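What follows is a single structure, written as C-alpha cells, with notes after it.
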C-alpha cells in the first residue's frame, strides 16, 4: 500500500503527466491533420517540377527575368517543405532524476514554470464517461440492487408464503385438543396414503433387517439415529457393521449390542434398503436431523393438554402427528418456489446483460443476499402462520428454516470476514485490466508519435520524463532531386 507521503507526491506528478499527455495528444492531432494534406502537397510539387523542367529545357533561350522566375519557383518548393515541417514540429527536453523525491520536486518546478496548479483534484481529469465507468466498477456497485431485484425478491417471498399457508399447512387434520378444527395439507395427506406394492414391501422387510430396528413402539424410528434420513447413512451403517443399536432416551444416547456385525458394503446396501422399506409405512421416516432435536432434553413448552414439554418431547409429539419425511417433502415446496423464481430471474438477466455463460449464484454476494431476503420474508410469514394457528408447532415450516440457515451462515461470514478481502481483490483485478489497457495505448501512442527509438528508462539510474520544450525536429527534412 502507498504511504500518505507517496499519495501526496502523486498529486503534482499526475497533474504534470496529465498536462503532458494533453499537449502530446494535441500535437499528434496536428501531425495527423498535416499528413492528411500530403496528397495535395505532392500534386503542387509535381506541378512546380513540371514547370521547372520546361524552363530548363529552354534554358539557353531564357532571359534574366525567366531565370529569376525559375529561382522563385524553386524557392516555392522549399517553402512547401518548410511549411509542412512547421506544421508537425514540436520539441522536448528531459527532467533528470534518480529518486522519487527528486521526481516530485521536478514536477513542482514544471508546474510553476508552466503555470499549472499542482493540486487540481483527480476528478477534474476525467470525463463524464470516465466517472460513470469508475462508479460502475465500484465493488459496492457490483452488488447493488435495482428496482427489478426488489420486485422479484418480494414476489418470490410472497409466493413462498402463500404456498406455506395454503399448500403446506400442517401434516394432518386436528380432531381434538386446542388445535381441533385445523385442516391439514391435502398434498401431505396424499403422500402419506401412498404405499409400496405388497410384494416389494415384504421383500424389503425380509432382506433389509437391521439391529437398531428392535426397540418397537409407534415412535421407535425417531428414537433411533439409524432411521434418520441423513444421519442414518452414517450411524445406521455403523450400527449394522457393529451389530449394535443406537437409540435416544430422554436426551441420552444408549448403545446396545444386539447381533453379529457385517461387512461395510453389505451394511451400506442394507441401510439404504431399510430406509426405502420404512418411507411409505404408516408412520414413515422422521424429518432430517430429527435425532439432534431428540437429544435436546431442554426447554419448557406448553402443550395442548396444559402440561409442559422439552424440545425432545415436543419433537416426538410432532412426529406422532404426521410431521415426517413426507410432510418434509411438502414443506420443501416453499423454499423451492423461491429458488425457482429467483434463480430463473437471475439466470435470464445475467445472460441478457453479460457475455459469459458460466456464473455462480450461491457464491455471488448479491444473488445470495437476494435469496436470503426472500427466505427471510417466507420465514417471517411462517412465524405469522404459527401464531394464527394458536402456536401449533406442526405449522413450523422446517424446510424453509433450513433454507434460511443455509444462506444466513455464508452471508454472516461474508459480512464479518470476506467483504474487505474481496473488495481488495476486486480493485486489484480492475487495476490489472486498466494497466494492460494503458500499456496497449502507450504502444499506440509511441507508434503514432515516432518514439519507438527513445532511450529506455532504467530504474536506479538517471531517468527521464519527457515534456514540452525545445529539441530536434520530429520529421527529417525531405530531399528533392530532379
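In the working numbering, the protein residues as written are 29 to 510. Note that beta-carbon positions come from the ideal geometry of N, C-alpha and C, so glycine has one too. These figures come from a predicted structure and were not determined experimentally.
Runs of the alpha helix (DSSP H) spanning 4 or more residues and lying entirely within the stretch 242-310 occur at 248-251, 260-270 and 292-307, in chain order. Within the DSSP bridge table, the entry for residue 314 names 352 as partners. DSSP places residue 372 in the uninterrupted alpha helix (DSSP H) bounded by 361-381. A direct Cα-to-Cα measurement between residue 248 and residue 242 gives close to 8 Å. In the DSSP assignment, residue 227 falls within the alpha helix (DSSP H) that extends over 226-235. In this structure residue 188 is in contact with residue 363, their Cβ atoms being roughly 7 Å apart against a cut-off of 8 Å. Setting aside the 5 residues that flank it on each side, residue 290 is surrounded in the same chain by 268 and 269, each with a C-beta closer than 7 Å to its C-beta; the list follows chain order. Shown here for residue 311: same chain residues with a beta carbon closer than 7 Å to its own, the five before and five after excluded, namely 246, 249 and 352 in chain order. By the CB criterion at 8 Å, residue 315 and residue 426 fall inside the cutoff. Per DSSP, residue 429 is one residue of the alpha helix (DSSP H) stretching across 426-441.
In the DSSP assignment, the residues bridged to residue 329 are 337. Under the 8 Å Cβ criterion, the stretch 385-405 does not count as touching the stretch 327-343, having fewer than three qualifying pairs.
By the criterion of at least three beta-carbon pairs nearer than 8 Å, the stretch 183-199 is in contact with the stretch 211-221. In this model, residue 144 and residue 58 are separated by some 23 Å (Cα to Cα).
It is roughly 24 Å from the alpha-carbon of residue 368 to the alpha-carbon of residue 412.
Note that the C-beta distance between residue 422 and residue 349 is below 8 Å.
Residue 265 counts as buried, since at least 16 other C-beta atoms from the protein chains shown sit within 10 angstroms of its C-beta. Excluding five sequence positions before and after residue 271, the CB atoms of its chain that fall closer than 7 Å to its own CB belong to 239, 285, 286, 287, 288 and 289, given in chain order. Taking the Cβ atoms as the reference, residue 260 lies roughly 33 Å from residue 405, outside the contact range of under 8 Å.
Per DSSP, reduced to three states, the secondary structure at residue 217 is helical. In the three-state reduction of the DSSP assignment, residue 203 falls in the coil class. Per DSSP, the continuous alpha helix (DSSP H) segment holding residue 410 begins and ends at 393-416.
Contact between residue 308 and residue 222 holds: their C-beta atoms lie close to 6 Å from each other, under 8 Å.
Residue 178: member of the alpha helix (DSSP H) spanning 175-191, first to last residue. Excluding sequence positions up to five before and after residue 193, its CB lies within less than 6 Å of the CB of 413, all in the same chain and listed in chain order. In this structure, the straight-line span from the alpha carbon of residue 435 to that of residue 399 is close to 7 Å. Relative to residue 252, the option among 234, 235 and 275 whose CA is nearest is 275. A straight line joining the alpha-carbon of residue 56 with that of residue 179 spans about 51 Å. Proximity to residue 321 across 306, 342, 431 and 75 peaks at 342, based on C-alpha coordinates. The beta carbon of residue 236 sits closer than 7 Å to those of 298, 301, 302 and 305, all from its chain and outside the five residues before and after it, given in chain order.
Taking a C-beta distance under 8 Å as the contact criterion, residue 256 and residue 318 qualify as a contact pair. Put simply, of 191, 442, 381 and 360 the residue whose alpha carbon is nearest the alpha carbon of residue 431 is 360. In its chain, beyond the 5 residues on either side, 390, 435, 438 and 439 have a beta carbon closer than 7 Å to the beta carbon of residue 396. One Cα belongs to residue 201, the other to residue 207, and the distance between them is close to 9 Å. Here residue 402 really is in contact with residue 370; their C-beta atoms are around 6 Å apart, less than 8 Å.
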